[in-house]
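In the numbering used here, the protein residues as written are 27 to 66.
Each residue gets a CB set at the ideal place from its N, CA and C atoms; glycine is no exception.
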């Protein structure tokens, strides 16, 4: 699933300590949206 690979890539980037906090918050929102749109 391409979208899942994209989320995994973003999560790996966020794991970096150099990633600013706002990007982490934005990513959390993107994952929440992804979970909602792919629920069920």
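For this session: Pull up the CB-CB distance for residue 53 and residue 36, whole angstroms please, since I reckon it's below 8 Å.
Result: 5 Å
Exercise. Among residues of its own chain, excluding the 5 on either side of residue 57, which ones have a beta-carbon nearer than 7 Å to its beta-carbon?
Worked result: 33
For this session: To the nearest angstrom, report how far apart residue 63 and residue 29 are at their CA atoms.
Result: 11 Å
Exercise. Taking the C-alpha atoms as reference points, what is the distance between residue 38 and residue 65?
Worked result: 22 Å
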